[in-house]
Amino acid sequence: MDKKDIDKKIIELIQQDENISYSKISQIVGIPEKDIEEKIKNFSDIREKILIVDDEMSTLMPLKRSLESEDYAVVEAYDGHEAIKKANEEKPDLILLDLMLPGMDGIEVCQHLKTDTQTEKIPIIMLTAKDNIDDKVKGLQIGADDYVTKPFVLKELKARIKSVMRRPGNI
Amino acid sequence: MRIRSELIISILIISIIPLSFVVYTSYNYSQETIRASIMDNLVGATENTGQAIDNWMDVRKSDIRVISQFGMVEYIEKEELHDYLNNLENEHEGVYKEFFLLDLDGNIIFSTKNHTGNVDSQQYFIEASNGRLYVSDVYIPEVTGSPEIIIANPIKKNNTITGIMAARVGLEQLYGIIEKIEIGTLGEVFIVNNKGDIIFHENRSMILHENIKNNFAVKEVTYEKNGIAEYVNYQEETVLGSYYWLPLYRWGLIVEMNRGEAYIEVLALGRLTVAISLFAILGVILFTIVISRRITEPIESLKDGAISLVEGNFKPIPVSSKNEIGRLTEIFNQTAKELLEIRKKLEMKIDMANKDLELKNKELVIANEELKKLDMLKSDFISLVSHELRTPLSAIRTSSEFLESEENADPGVQKEMLENIIRNVDRQARLINDILDLTKIEAGRMEFRFEQVDFKHMAPLAIENIRPIAQKNHITITEDIPDKLSTISADKEKLIIVLNNLLSNALKFTPDGGTIHLSAKEYQDYIEIKVKDTGIGIEKEQLEKLFDKFYQVDSPSRRKIGGSGLGLSISSEIIKAHGSKIHVESEPGQGSTFCFRLKK
Numbered sequence: 000m001d002k003k004d005i006d007k008k009i010i011e012l013i014q015q016d017e018n019i020s021y022s023k024i025s026q027i028v029g030i031p032e033k034d035i036e037e038k039i040k041n042f043s044d045i046r047e048k049i050l051i052v053d054d055e056m057s058t059l060m061p062l063k064r065s066l067e068s069e070d071y072a073v074v075e076a077y078d079g080h081e082a083i084k085k086a087n088e089e090k091p092d093l094i095l096l097d098l099m100l101p102g103m104d105g106i107e108v109c110q111h112l113k114t115d116t117q118t119e120k121i122p123i124i125m126l127t128a129k130d131n132i133d134d135k136v137k138g139l140q141i142g143a144d145d146y147v148t149k150p151f152v153l154k155e156l157k158a159r160i161k162s163v164m165r166r167p168g169n170i
Numbered sequence: 000m001r002i003r004s005e006l007i008i009s010i011l012i013i014s015i016i017p018l019s020f021v022v023y024t025s026y027n028y029s030q031e032t033i034r035a036s037i038m039d040n041l042v043g044a045t046e047n048t049g050q051a052i053d054n055w056m057d058v059r060k061s062d063i064r065v066i067s068q069f070g071m072v073e074y075i076e077k078e079e080l081h082d083y084l085n086n087l088e089n090e091h092e093g094v095y096k097e098f099f100l101l102d103l104d105g106n107i108i109f110s111t112k113n114h115t116g117n118v119d120s121q122q123y124f125i126e127a128s129n130g131r132l133y134v135s136d137v138y139i140p141e142v143t144g145s146p147e148i149i150i151a152n153p154i155k156k157n158n159t160i161t162g163i164m165a166a167r168v169g170l171e172q173l174y175g176i177i178e179k180i181e182i183g184t185l186g187e188v189f190i191v192n193n194k195g196d197i198i199f200h201e202n203r204s205m206i207l208h209e210n211i212k213n214n215f216a217v218k219e220v221t222y223e224k225n226g227i228a229e230y231v232n233y234q235e236e237t238v239l240g241s242y243y244w245l246p247l248y249r250w251g252l253i254v255e256m257n258r259g260e261a262y263i264e265v266l267a268l269g270r271l272t273v274a275i276s277l278f279a280i281l282g283v284i285l286f287t288i289v290i291s292r293r294i295t296e297p298i299e300s301l302k303d304g305a306i307s308l309v310e311g312n313f314k315p316i317p318v319s320s321k322n323e324i325g326r327l328t329e330i331f332n333q334t335a336k337e338l339l340e341i342r343k344k345l346e347m348k349i350d351m352a353n354k355d356l357e358l359k360n361k362e363l364v365i366a367n368e369e370l371k372k373l374d375m376l377k378s379d380f381i382s383l384v385s386h387e388l389r390t391p392l393s394a395i396r397t398s399s400e401f402l403e404s405e406e407n408a409d410p411g412v413q414k415e416m417l418e419n420i421i422r423n424v425d426r427q428a429r430l431i432n433d434i435l436d437l438t439k440i441e442a443g444r445m446e447f448r449f450e451q452v453d454f455k456h457m458a459p460l461a462i463e464n465i466r467p468i469a470q471k472n473h474i475t476i477t478e479d480i481p482d483k484l485s486t487i488s489a490d491k492e493k494l495i496i497v498l499n500n501l502l503s504n505a506l507k508f509t510p511d512g513g514t515i516h517l518s519a520k521e522y523q524d525y526i527e528i529k530v531k532d533t534g535i536g537i538e539k540e541q542l543e544k545l546f547d548k549f550y551q552v553d554s555p556s557r558r559k560i561g562g563s564g565l566g567l568s569i570s571s572e573i574i575k576a577h578g579s580k581i582h583v584e585s586e587p588g589q590g591s592t593f594c595f596r597l598k599k
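Here the protein sequences come in this chain order: Y and U. Numbers 0 to 170, taken from numbering that gives the first Met the number 0, label the letters of the first sequence in order. Numbers 0 to 599, taken from numbering that gives the first Met the number 0, label the letters of the second sequence in order.
Written out as structure tokens, the structure is:
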């Protein structure tokens, strides 16, 4: 069963019976109770969701904390493949994408996301410790919405996140 | 114009003109001489003959004179006289045809032929009557048909003319005189009287019947001249004619020779001259051709040789003589040989230079490629360095900004942030040290202090450095180092760096519960050190890049471990400085072995 269909089914079941138990839903849909709880929690989460893609834990951690304190829901991914998977599953409102990733690099990930109808609308801000113009131009050409060079000022990054999310066409 | 033609023409001009001139002149001269001598001969013969005729006639005249003074004639003893005169006739072999006596009236009173009659009207009678000896004109008696003359002389007694003695004289004997003249087959000899009538000729029928006054010689001789001339005679033939006047008898002796016959020697001379000249010219032409060939042939072969030299297929020219051209040919051959050698050498040099150039070009291209690669590596390196330096910086910056702005944050989170900051500062410091080390090594500015190192004592130091993390990750560390291990020549501090790097590298890529094995083995000249792990192993294509700066093998565990990516580069450079090399053997999933050898 597709993830979307699962979500739909869960919502249908709750609408039918407000007091339905997690175990019952779990039985019907076929996924563990714990996941059902998480999903229901997510349904009620109205915060804007940001996917951070970075292989450096030390960079990712403070950024996550900072964005969470700004009341964003944060999802993490440590490499390109995980990033694409999470983008499809979580449907984030924005992706912060590091360029230097093991395996599939940021540019490839960006290209992939921007050519997939499921994810093409998600705005992407490139994050990189590289500062040469070619990388920036390349990133913007394949559809990145903004580009921030590490080390960045948190305030500035937050402002850029807001600005990109406000843009018409973006959610 | 070709030399040969020039030579032939010049030699011909130089030789044939003077030759022709000489031949022509000598021919002319000889011709004149021959002509003159022929003429002289002819004139001489004519004169001699004329004188002989004169003499002969003188004898006849004196005969008559003697007889007319002979006493017997006066007495006219007829019988006796008859006998005497007949004897005389016989003695002179028919010269005297008849003797006769005339009286003063012209009557024939005595004749040896018993003739009678009167001859007083005859010229000889009239002239002799006047007291003179007279010779008559030539006449031909019908009976004999042979030319005769009559000589008449008065008979005197006491200075008184008593009668006349006359004799008929045959001229037959003159033939004998005339025949002695060389006149050839076509020549003619004849005697004319002063009127131009032929009075004596070989052909007797012509005597007194022909008047050839128109004949040049006849005309001249009747004018009482002597001489010689060329003219056309009465027979319309060109002749050489000699004429001689006999004044006593008013006769002209003419000797004519056919011009061709007379000058036959001249003609022969001319023919001979022409023949000789032709032979000479032919000889000169042949000689010229031979000479010019001898001169031009070596020049021709020199020319051909020069052309072949230019065209590049030169063969030595045969030397045919020892003259200047032969010498020139020798020099040419020598020069050509030297030239060809020089050319060969030059070609070889050019060839070599070309090959060299090609090689250099290739080297340049390769060097250029390498430079480009190097340049790319350099910019890659700079970009990597900046990336690697910015990453911890970024973490520090973000963490500290968080702490600064979120004063009311959870104390646990604050601690987490501070730890992150410290970790990244350390990482940054390590990275900077590594970069500095590597730069030093690469610039050759790192100092190595080689000493005899006992590896047995060094190994535990290196192991101790990683033991805490290994224990945490449940990784076993084993060692296999013989007790009796020779010392090695190495820089102790640098060797520790290498061991640390290799061991921590093994640690990074070995999953929990794995094993790391450090071993040393003694060989004749060196000791081999091995670091073996049971880690994730390395892909073949990644092996080559392993020692590149900042190269880090992709690994999900990497973010747990961190690292500058310079450790293997530095280790490799250090071992290189020890005159050795780090070898890696690995297969994905089978672990890796790093090994190097150090000299004792």
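Yeah, the Cβ is synthetic: ideal placement off N, Cα and C, and Gly gets one too.
Notebook entry, point to check: In this structure, does DSSP put Y522(U) in helix, strand or coil?
Noted result: coil
Item checked: Three-way DSSP call (helix, strand, coil) for N472(U) in this model -> Three-state result, N472(U): coil.
Item checked: Close Cβ partners of E126(U) (< 6 angstroms) along its chain, the five nearest in sequence each way excluded -> Y133
Check: If we call anything under 8 angstroms between Cβ atoms a contact, is N214(U) one with E236(U)?
Finding: no
Notebook entry, point to check: If K161(Y) and A128(Y) are in contact, beta carbons under 8 angstroms, what's the gap, nearest whole angstrom?
Noted result: No, K161(Y) and A128(Y) are not in contact; Cβ-Cβ is about 23 angstroms, not under 8 angstroms.
Next item on the list: For the alpha helix (DSSP H) containing P604(U), list its first residue and its last residue.
Entry: An answer regarding residue 604(U) cannot be provided, because it is not within the stretch 0 to 599 covered by chain U.
Check: Where S382(U) and I434(U) are concerned, what is the direct C-alpha to C-alpha distance, given to the nearest angstrom?
Finding: 14 angstroms
Checklist line | Y138(U) - DSSP class collapsed to helix/strand/coil | finding: It is a strand residue.
Item checked: Distance CB(S591(U))-CB(D532(U)) smaller than 8 angstroms -> Yes, these two residues count as a Cβ contact at 8 angstroms.
Notebook entry, point to check: What's the gap between the Cα of S554(U) and the Cα of V52(Y)?
Noted result: With a pLDDT of 44 at S554(U), under the threshold of 50, the predicted position of this residue should be treated as unreliable, and no value is reported.
Checklist line | Among K529(U), T159(U), K361(U), nearest to N500(U) - alpha-carbon criterion | finding: For N500(U), the closest alpha carbon among the candidates K529(U), T159(U), K361(U) is that of K529(U).
Next item on the list: With a 10 Å radius around its C-beta and 16 neighbouring C-beta atoms as the bar for buried, classify A489(U) as buried or exposed.
Entry: Classification for A489(U): buried.
Item checked: Pairwise C-alpha distance: E181(U) and K626(U) -> The shown model of chain U, from 0 to 599, leaves out residue 626(U), and the question about it has no answer.
Notebook entry, point to check: Whose C-beta lies closer than 6 angstroms to the C-beta of K483(U) among residues of the same chain, with five residues either side of it excluded?
Noted result: none
Margin query: I'd like to know whether the C-beta of G536(U) is nearer than 8 angstroms to at least one C-beta of chain Y.
Written below: no
Check: Where does I170(Y) land, buried or exposed, given buried means 16+ other C-beta within 10 angstroms?
Finding: For I170(Y), the predicted model reports a pLDDT of 47, less than 50, meaning its position is unreliable; a value from the coordinates is still stated below. Counting Cβ neighbours within 10 Å, I170(Y) comes out exposed, since fewer than 16 surround it.
Note to self: Within the continuous alpha helix (DSSP H) that includes Y23(U), where are the two ends?
What the structure shows: Counted as a single uninterrupted DSSP element, the alpha helix (DSSP H) harbouring Y23(U) occupies residues 2–68.
Next item on the list: Label A352(U) either buried or exposed according to how many other C-beta atoms from any shown protein chain fall within 10 Å of its C-beta, with 16 as the threshold for buried.
Entry: Classified as exposed, A352(U) has fewer than 16 neighbouring CB atoms from the shown chains inside 10 Å of its CB.
Check: Distance, Cα to Cα, L84(U) vs T111(U)?
Finding: 7 angstroms
Notebook entry, point to check: Mind pulling the chain Y residues with CB within less than 8 angstroms of P391(U)?
Noted result: S57
Notebook entry, point to check: From D4(Y) to L93(Y), what distance separates their C-alpha atoms?
Noted result: 24 angstroms
Notebook entry, point to check: Just checking, does the stretch 163–176 of chain U make contact with the stretch 236–253 of chain U on the three C-beta pairs under 8 angstroms criterion?
Noted result: no
Notebook entry, point to check: beta strand (DSSP E) containing P297(U): first to last residue?
Noted result: Counting along the chain, P297(U) falls outside any beta strand (DSSP E), though it belongs to the alpha helix (DSSP H) covering 263–310.
Notebook entry, point to check: Do three or more CB pairs link the stretch 386–400 of chain U to the stretch 423–432 of chain U at distances below 8 angstroms?
Noted result: yes
Checklist line | Own chain partners of S29(U) with C-beta closer than 6 angstroms, once the 5 adjacent residues on each side are dropped | finding: L268
Check: Any idea what DSSP makes of T114(Y), helix, strand or coil?
Finding: helix
Margin query: Strictly under 8 angstroms for the Cβ-Cβ distance: is M103(Y) near chain U by that measure?
Written below: At least 8 angstroms separates the CB of M103(Y) from every CB of chain U.
Check: Going straight from the alpha carbon of T295(U) to that of R3(U), what length do you get?
Finding: If you take the alpha carbons of T295(U) and R3(U), they lie about 6 angstroms apart.
Next item on the list: Quick one: give me the first and last residue of the beta strand (DSSP E) that K343(U) is part of.
Entry: No beta strand (DSSP E) contains K343(U), which is instead part of the alpha helix (DSSP H) from 323–404.
Note to self: So P106(Y) and L112(Y) are supposed to be a Cβ contact under 8 angstroms. How far apart are they, rounded?
What the structure shows: Here residue 106(Y) is Ile; the residue named in the question, Pro, does not match the sequence. Going by Cβ atoms, the distance from I106(Y) to L112(Y) rounds to 11 angstroms, so no, they are not a contact pair.
Check: Would you say A128(Y) faces chain U, with C-beta separation under 8 angstroms as the test?
Finding: Yes - at least one Cβ of chain U is within 8 angstroms of the one on A128(Y).
Notebook entry, point to check: Which residue comes first and which comes last in the alpha helix (DSSP H) that contains V238(U)?
Noted result: No alpha helix (DSSP H) holds V238(U); the beta strand (DSSP E) holding it covers 237–245.
Check: When the Cα of M125(Y) is compared with those of I19(Y), C109(Y), S20(Y), which residue comes out closest?
Finding: Minimum Cα distance to M125(Y) is reached at C109(Y).
Notebook entry, point to check: Which of helix, strand or coil does DSSP assign to E463(U)?
Noted result: Helix, per DSSP.
Next item on the list: Anything in the stretch 399–419 of chain U with a Cβ closer than 8 angstroms to a Cβ of chain Y? List those residues in chain order, please.
Entry: E400, F401, S404, E405, A408, V412, E415, M416, N419
Next item on the list: Please name the residues in the stretch 59–83 of chain Y whose beta-carbon is closer than 8 angstroms to at least one beta-carbon of chain U, in chain order.
Entry: Using a CB distance below 8 angstroms, the part of the stretch 59–83 of chain Y facing chain U consists of M60, P61, L62, R64, S65, S68, Y77, D78, ordered along the chain.
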